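**Q** One structure, pasted below without further comment.
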Amino acid sequence: MARITAAVTTSHVPAIGAALDNGKSHEPYWQKVFAGYAKSKEWIAEQKPDVVILVYNDHATAFSLDIVPTFAIGCAASYQPADEGWGPRPVPVVEGHPALATHIAHSVIQQDFDLTIVNKMDVDHGLTVPLSVMFGQPEAWPVKVIPIAVNVVLYPVPSGARCLALGRAIRKAVDTFDEDLNVQIWGTGGMSHQLQGPRAGLINQEWDNRFLDRFVNDPVGLSEIPHIEYVREAGSEGIELVMWLIARGALNAQVKPIHRFYHVPASNTAVGHLVLENT
Amino acid sequence: MALDKPYLDVPGTTIFDAEQAQKGYHLNMFAMSLMKAPNRDRFRADNSAYLNEWPMTQNQKEAVLARDYNRMIASGGNIYFLAKIFSCDGLSFQQGAASMTGMTQEQYAQMMLNGGRSPEGNRYLGEKK
Chain A
1 MARITAAVTT SHVPAIGAAL DNGKSHEPYW QKVFAGYAKS KEWIAEQKPD
51 VVILVYNDHA TAFSLDIVPT FAIGCAASYQ PADEGWGPRP VPVVEGHPAL
101 ATHIAHSVIQ QDFDLTIVNK MDVDHGLTVP LSVMFGQPEA WPVKVIPIAV
151 NVVLYPVPSG ARCLALGRAI RKAVDTFDED LNVQIWGTGG MSHQLQGPRA
201 GLINQEWDNR FLDRFVNDPV GLSEIPHIEY VREAGSEGIE LVMWLIARGA
251 LNAQVKPIHR FYHVPASNTA VGHLVLENT
Chain B
280 MALDKPYLDV PGTTIFDAEQ AQKGYHLNMF AMSLMKAPNR DRFRADNSAY
330 LNEWPMTQNQ KEAVLARDYN RMIASGGNIY FLAKIFSCDG LSFQQGAASM
380 TGMTQEQYAQ MMLNGGRSPE GNRYLGEKK
């Protein structure tokens, strides 16, 4: 049977990808960021997951304002890195897992989550930067990826509680897939940041660290935080953190923390990262 | 009954909701068109001619020509769409964000190195700093 063995959460700041792509990862500014992932890279080399369910948001890349799905699941065989305005990132094509993806779609829709099924899309930095921080610069990504794209750009976005519940539904779906697969679920985005308006540059280290604490020990309480608290305390783009709760919902109530990293800044953003194993 | 919009009293912040998206549809779709290299070339060659291909308001077009991102956001733009414009100009997300704050790029970068903009005094309109 397939099983979800662990969750990884991480910010997906585009500048982190650009630093790697442009050979700047050893500069002191970026070394402070990449050093925080060294332990996780060793850990994942030992874990060897077959599939990563990667929760991220599309940043006006695959989805224009013509169609904005709240929750979308990628069921394609592969996904091209997108040209976001400065040319595509020089990273490998992302291989999908259509069989598990369609199984999850079927099961999760029957559990009353109205997923949008996507059979063709390009993937932006939201999906490829997490792969880069965890796997570096390989010739090919060592995992199959099932993208779960969440709308956190056009308000209203889904609530934390809804995201946590979706994670639980995904867990049920994976648990009923017959093939023997080691599956991880990654929640990406955040932490505190604001990219727009005169308040751009907002960072709230105290709030972020409380979020990291509660993510491990009090996910249900954390899921009850209303959107307005994210906006006020963690910046307008800090709302991306609701996506982490999808990953948390797919784990057991009790988890084993493996690694925690927090750093300010990467470009405009506070970087947060957790590795949690299912017990 | 009015919709619940608890985010209108956050200073220096515009939440991109369905109403803003409706106002900014053509502005955002113009910006998104710059994800294609041939469109970037045409836009760079003649900003105004390219903008005139889009049914945007005069205010939106002027805001783009002035690269005034706050004005673009006020007229319905969203930062992830508008990022295609400053990317086309060869600017980073940090440079794009800095341009909206009234700070120089150097001042903004230093603020980020110092831990970013504090939430203190920045949570509510009219709040004392």
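The listed protein sequences correspond, in order, to chains A and B.
Read in our numbering, the first sequence has 127 at position 127, and its numbers run on one by one without any break.
For our numbering, count along the second sequence from 1 and bump the result up by 279.
Even glycine gets a Cβ: it sits at the ideal position worked out from N, Cα and C.
Everything numeric in this text was worked out from a predicted model, so none of it was measured.
1. Tell me whether the beta-carbon of residue 354 of chain B lies closer than 8 Å to the beta-carbon of residue 302 of chain B.
2. Please state whether DSSP places residue 95 of chain A in a helix, a strand or coil.
3. Where does the unbroken beta strand (DSSP E) through residue 54 of chain A begin, and where does it stop?
4. Determine, using beta carbons only, whether residue 392 of chain B comes closer than 8 Å to chain A.
5. Take every Cβ of the region 286-298 of chain B, pair it with every Cβ of the region 12-19 of chain A, and state whether three or more of those distances are shorter than 8 Å.
6. Looking at chain B, is there any beta carbon in it that lies within less than 8 Å of the beta carbon of residue 85 of chain A?
7. Checking 8 Å against the spacing of the C-beta atoms, do residue 121 of chain A and residue 74 of chain A come in under that value?
8. Give a yes or no on whether the C-beta atoms belonging to residue 222 of chain A and residue 148 of chain A are separated by under 8 Å.
9. Below 8 Å on the Cβ atoms is my guess for residue 247 of chain A versus residue 186 of chain A; work out the distance and round it to an integer in Å.
10. Between the C-alpha atoms of residue 306 of chain B and residue 263 of chain A, what's the straight-line distance to the nearest angstrom?
11. If you check the beta carbons only, do residue 193 of chain A and residue 37 of chain A fall under 8 Å apart?
12. Taking the beta carbon of residue 22 of chain A as the centre, do at least 16 other beta carbons fall within 10 Å, making it buried, or is it exposed?
13. Starting from the N-terminal side, write out each stretch of the alpha helix (DSSP H) that is 4 residues or longer and does not extend beyond the region 120-172 of chain A.
14. In terms of residue numbering, what span does the beta strand (DSSP E) encompassing residue 8 of chain A cover?
15. Hey, quick one: how far does the alpha helix (DSSP H) through residue 341 of chain B stretch, first residue to last?
16. What are the residues of the region 187-214 of chain A that lie near chain B, defined by any Cβ-Cβ distance shorter than 9 Å?
17. Check whether the Cβ atoms of residue 278 of chain A and residue 242 of chain A sit closer than 8 Å, and answer yes or no.
18. Should residue 82 of chain A and residue 62 of chain A be called a contact, given that it needs their Cβ atoms to be closer than 8 Å?
19. Would you mind reading off the limits of the alpha helix (DSSP H) that contains residue 329 of chain B?
20. Have a look at A:182, A:138, A:199, A:9 and flag the residue whose alpha-carbon is nearest the alpha-carbon of residue 46 of chain A.
21. Taking the beta strand (DSSP E) that residue 277 of chain A belongs to, which residues open and close that run?
22. Which residue or residues does DSSP assign as beta-bridge partners of residue 261 of chain A?
23. For residue 344 of chain B, would you say it is in contact with chain A, using Cβ-to-Cβ distances shorter than 8 Å as the test?
24. Just curious, the beta strand (DSSP E) that residue 362 of chain B is in, first and last residue?
25. Whose CA, out of A:233, A:203, A:24, lies closest to the CA of residue 387 of chain B?
26. Relative to the C-alpha of residue 253 of chain A, which residue among A:259, A:79, A:168 is closest?
27. Kindly indicate which residue of A:267, A:249, A:269 has the alpha-carbon position closest to the one of residue 8 of chain A.
28. Kindly say whether residue 267 of chain A, judged by its beta-carbon, lies nearer than 8 Å to any beta-carbon of chain B.
29. Residue 78 of chain A bridges to which residues according to DSSP?
30. Is the beta carbon of residue 404 of chain B sitting closer than 8 Å to the one on residue 290 of chain B?
31. Do residue 200 of chain A and residue 293 of chain B have their C-beta atoms closer together than 8 Å?
32. To the nearest angstrom, how far is the alpha carbon of residue 265 of chain A from that of residue 70 of chain A?
33. So, at 7 Å on beta carbons, what are the nonlocal neighbours of residue 173 of chain A in its own chain, with the 5 sequence-adjacent residues on each side left out?
34. Ordered along the chain, which non-local residues of its own chain (more than five positions away) have a Cβ less than 8 Å from that of residue 49 of chain A?
35. Does residue 336 of chain B get closer than 8 Å to chain A when you measure Cβ to Cβ?
36. Going by Cα to Cα distance, which pick from A:215, A:240, A:209 is closest to residue 227 of chain A?
**A** With the structure as the only source:
1. yes
2. strand
3. 51-56
4. yes
5. no
6. yes
7. yes
8. no
9. 6 Å
10. 35 Å
11. no
12. exposed
13. 125-135
14. 3-10
15. 337-344
16. 192, 193, 194, 195, 196, 197, 198, 199, 200, 201, 202, 203, 204, 205, 206, 207
17. no
18. yes
19. 326-330
20. A:182
21. 269-278
22. A:273
23. no
24. Where residue 362 of chain B is concerned, there is no enclosing beta strand (DSSP E), although the alpha helix (DSSP H) it sits in stretches over 358-367.
25. A:203
26. A:168
27. A:249
28. yes
29. A:95
30. yes
31. no
32. 29 Å
33. 103, 104, 107, 108
34. 5, 6, 143, 182, 183, 184
35. no
36. A:240
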